[in-house]
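S.K.: Residues -3 to 504 in this note's numbering are what the sequence shown spells out, letter by letter.
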Amino acid sequence: MKKLLFYLFIPFFIFAQVDSELEEVIQYSTDKENKVGLIEVPMDRPISQATFIHCKLAIEHFKKENIIFLLLHLNTPGGEVFASQKIAKLLQELDTQSNIPTVAFIDNWAVSAGAMLAYSSRFIGTTPSSIMGAAEPVLQTGEGMQSASEKVNSALRAEFINLASFYGRNPNLAEAMVDKDIIVVERAGQIIKLDNEDQIRESDQIISNKGKLLTLDAEQLKKYGVSDFSVDFEKLSPITAKEKKEGTYPANKLLIFQYPFFKKIPQAQIITYNDWKIGFFSFLSHPLVASLLFIGMLIGFYIEMNTPGFGVFGSIGLVCLGLILLNSFSIHAIDWLEVIIFLIGAALIMVELFILPGFGVIGIVGIILTIIGLFVLMMPSIKDISFNAEKWNLAAINALNMFVWLFIALVVSVIIMFLLSRYVLPRIGLFSKFVLKGEQQGYTSGISKENLPKVGMEGTVYSPLRPSGKVLINGEIYDASSLREFIEKEEKIIVSDIIGSRVIVRKK
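(1) Give me the residue from A130, L212, R118 and S150 with the minimum Cα distance to S552.
(2) What beta strand (DSSP E) runs, 3 residues minimum, are completely inside the segment 18 to 93?
(3) Going by CA-CA distance only, name the one from V32, H57, V491 and I252 that's closest to L448.
(4) If I measure Cβ to Cβ from V347 and keep anything under 7 angstroms in the same chain, skipping five residues before and after, which residues do I get?
(5) For V37, which residues of its own chain have a beta-carbon under 8 angstroms away from its beta-carbon, when the five flanking residues on both sides are left out?
(6) Of all the options K466, I483 and N323, which has the alpha carbon lying nearest to the alpha carbon of D475?
(7) Span of the beta strand (DSSP E) holding S492?
(8) Does the beta-carbon of Q23 have 16 or more other beta-carbons within 10 angstroms, so that it is buried, or is it exposed?
(9) Just tell me which of L333, M301, I340 and L294 has its CA closest to the CA of G318.
(10) Between E487 and K503, which are expected to be in contact by the criterion C-beta below 8 angstroms, what is the C-beta distance as a whole number of angstroms?
(11) If I364 sits next to E61, beta carbons under 8 angstroms apart, how far is it from one beta carbon to the other, in whole angstroms?
(12) Is there contact here, the segment 11 to 21 with the segment 247 to 265, by at least three beta-carbon pairs under 8 angstroms?
(13) Cutting at 6 angstroms between CB atoms, please list the residues of its own chain near F297, excluding the five before and the five after it.
(14) Counting only the same chain and skipping the five closest in sequence on each side, list residues whose C-beta sits under 6 angstroms from that of A405.
(15) Check whether the segment 98 to 105 touches the segment 121 to 133, counting contact only when three or more Cβ pairs, one atom from each stretch, lie closer than 8 angstroms.
(16) What residues are listed by DSSP as bridge partners for K466?
(17) For S281, which residues in the same chain have their Cβ closer than 7 angstroms to its Cβ, ignoring the five residues on either side in sequence?
(18) Could you check if G341 is buried or exposed, using at least 16 other CB atoms within 10 Å of its CB as the buried criterion?
(19) Using 8 angstroms as the cut-off, can you tell me whether the segment 162 to 178 makes contact with the segment 204 to 223, which would need three or more C-beta pairs spanning the two stretches below that distance?
(20) For G121, list the residues DSSP reports as bridge partners.
(21) In three-state DSSP terms, what is K534?
(22) Start and end of the alpha helix (DSSP H) containing Q216?
(23) Would you report the Cα separation of P463 and V457, rounded to the nearest angstrom?
(24) Just grab the DSSP bridge partners of Q254 for me.
(25) For V107 and P133, what's the separation of their Cα atoms in angstroms?
(26) What does the Cβ neighbour count give for V451, buried or exposed, with the cut at 16 atoms within 10 Å?
(27) With a threshold of 16 other CB atoms inside 10 Å of the CB of S125, please say whether the residue is buried or exposed.
(28) Going by the CB atoms, is the gap between L169 and L209 shorter than 8 angstroms?
(29) Can you give the beta carbon distance from G369 to F403, rounded, assuming they're within the 8 angstroms contact cut?
(30) I'd like to check one pair, V499 with S478: are the Cβ atoms closer than 8 angstroms?
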């Protein structure tokens, strides 16, 4: 009889404990409006980089609005793993650093990457039809969808274990949602993981068998301590079109606010976030768009360096560079090392173009550092990346994918520049010194300093100085460079300096 009463009262003890934790963590006012930030992850839009951008911008907005907690409404089949991992990190930082907890409400699906978002929340609520799990990573191949490599699987498995453990949930259940080789049973009230099927006892209750990913329904989520509370379906007042447009409405129009604790929060008001920046940065963040911007920047600057003045192509290069930097600074956590590498590279290029004659080692080093800086700026933050022979984290895998996109973009840019130099542009400043052209035939290098023209002598440009080229002085052709300017063919020049065997000239 005592045992029967004990089991009858267990649900009441659990609910009382959950309400006590909610009361302790979610601090609300009794005499003024209580704002609750809402982020929806819907069925018709898989989790992607756009979802991460929405979450990041929304959370920044909600902090300014002083919300009492973040409501994450989940009904998703999943999506991109690394985007979900970045969202999970945002939610944990919101809780631990800003003391704003996240309540995930599964209505109805939190499958695949959606399960990761649920695990990253302090509290999880369900409806009678909720399901959560089945999070094995897959990749699109020429033969269709296939399981990802062990490196990816291992990284995701570790992420799920860490997220589940962070808020005191059973890590074995989380691991079984990712790895179909995991066996999980309930034995003597404990949830344990087994290495093989031979270890299963007759009295064990099998939760996840070998060969199947774990998916839990609402009852199981509650039973095994994954979810904290459940709300039954009931008819609610509809959210009007005006309220949706304004992005704010009474919280009692949402099902979760029928749960006793949330129902008693006075003047609870839902606020949402929607802004043009979400779509704009989502577009810029797509690997294909980012790669095209990279190509546009390189080609634009390349053409501009080989034409006089500053024109359309230079403007295109600057716009592409500006969009790359704007997207990187707005979306990613930028490290100063990335910025310093890029700035040093750009500074070396400027020194080579406008101060030193010719184009040599300093300019080449500058180009390499600039490209490295841009590569890193367009990839996830360096501090999140971890490579080793046995195990990669999700940031490393994503960085490798982005690196492949950018490397292909770099190769395409080099090919386009070669074609431009060969068939479109008459003379290329950076490469003309290596190409023998018709107007340079008969020219020989290696002239001694005694035979070079003297400072103050005058002549004309034989091939355009950009800034290196050829000049004609007293019937002789010499290598020459200009400082800080391009000089076109047949313009008059005057020798301003001699550096080694190099003639430095300026416009007359």
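Don't be surprised by glycine CBs; every beta carbon is placed ideally from N, CA and C.
M.R.: The short version:
(1) Because the chain is modelled from -3 through 504, residue 552 falls outside the range shown and cannot be assessed.
(2) Listed in chain order, they are 30 to 37 and 65 to 72.
(3) That would be V491, whose Cα lies nearest to the Cα of L448.
(4) Correct list, in chain order: I358.
(5) Cβ neighbours of V37 beyond the five flanking positions: I43, T47, L68, H69, L70, N71, T72, G110 and L113.
(6) Checked all of K466, I483 and N323; the closest Cα to D475 is K466.
(7) K488 to I495 is the extent of the beta strand (DSSP E) around S492.
(8) Burial call: exposed.
(9) Measuring C-alpha to C-alpha distances from G318 to each of L333, M301, I340 and L294 identifies L294 as the nearest.
(10) That pair is a contact at about 6 angstroms.
(11) Their Cβ separation, rounded to whole angstroms, is 45 angstroms, which puts I364 and E61 out of contact at 8 angstroms.
(12) With a cut-off of 8 angstroms, the segment 247 to 265 and the segment 11 to 21 count as touching, because enough Cβ pairs lie within range.
(13) Listed in chain order, the non-local C-beta contacts of F297 below 6 angstroms within the same chain comprise G313, local neighbours out to five positions each way being set aside.
(14) These residues qualify, in order along the chain: S287, F290 and I291.
(15) Using a C-beta cut-off of 8 angstroms, the segment 98 to 105 makes contact with the segment 121 to 133, since at least three inter-stretch Cβ pairs fall below that distance.
(16) K466 is bridged to S459 and D475.
(17) For S281, where only same-chain residues beyond five positions count, the Cβ hits under 7 angstroms are Q45, I49, N323 and I327.
(18) With 16 or more other CB atoms across the displayed protein chains lying within 10 angstroms of its CB, G341 is buried.
(19) Three or more beta-carbon pairs drawn from the segment 162 to 178 and the segment 204 to 223 are found closer than 8 angstroms, and the two stretches are therefore classed as touching.
(20) According to DSSP, which records beta bridges pairwise, G121 is partnered with F101 and F225.
(21) The structure shown does not extend to residue 534, since the chain spans only -3 to 504, so no value can be given for it.
(22) For Q216, the enclosing alpha helix (DSSP H) begins and ends at A214 to K219.
(23) Roughly 11 angstroms separates the two Cα atoms.
(24) Looking at the DSSP output, Q254 bridges to nothing.
(25) C-alpha separation (whole angstroms): 11 angstroms.
(26) It counts as exposed.
(27) Using a 10 angstroms sphere on the CB of S125, the tally of other CB atoms stays under 16, which defines it as exposed.
(28) Between L209 and L169, the C-beta spacing is not below 8 angstroms.
(29) Contact flag wrong, Cβ pair sits at about 15 angstroms.
(30) No; because the gap between Cβ atoms is not below 8 angstroms, this pair is not in contact.
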